[in-house]
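The sequence shown begins at 436 in this note's numbering and counts up by one.
What follows is a single structure, written as C-alpha cells, with notes after it.
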Amino acid sequence: MLRPMFGHRPKPKKFDLPLRYYDPKEDERKKRRVRIETRSIRKRSRQGPKVFAYALGLAFVVWVMSML
436 MLRPMFGHRP KPKKFDLPLR YYDPKEDERK KRRVRIETRS IRKRSRQGPK
486 VFAYALGLAF VVWVMSML
C-alpha cells in the first residue's frame, strides 16, 4: 500500500517458456499410448449385483417382520 507512494512500480513477471515444435510422429505415438492406457484402466463395475442382493435381503427382512 505504501510502495506506490514512494515511486515503486510493479514489474512484469519473467518466465522461461521452453520452445516446442510440432512433431506429427510424436503426436501419433502419444495418441496410440493414450488409447492403450484407457482400455486397460476400464473395469466393469460389480455394483449392480451387490445392490440387487441388498435390496432382495431387505425385502426378505421386511417380509419376515410383517409375518410376525
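Just so it is clear, CB atoms sit at the ideal spot from N, CA and C, and this is done for glycine as well.
Extent of the continuous alpha helix (DSSP H) run through residue i
i    : result
G492 : 482-502
For residue j and residue i, the rounded distance between their alpha carbons
i    : j    : result
M500 : F487 : 20 Å
F450 : R468 : 31 Å
K466 : P453 : 22 Å
Three-state secondary structure assigned by DSSP to residue i
i    : result
P453 : coil
D458 : coil
K513 : In this structure the chain extends from 436 to 503, so residue 513 is not present and cannot be described.
Cβ-heavy atom distance, residue i to the ligand COA, below 6 Å
i    : result
S480 : Judged by which ligands are present, the structure shown has none, so any question about the ligand COA falls away.
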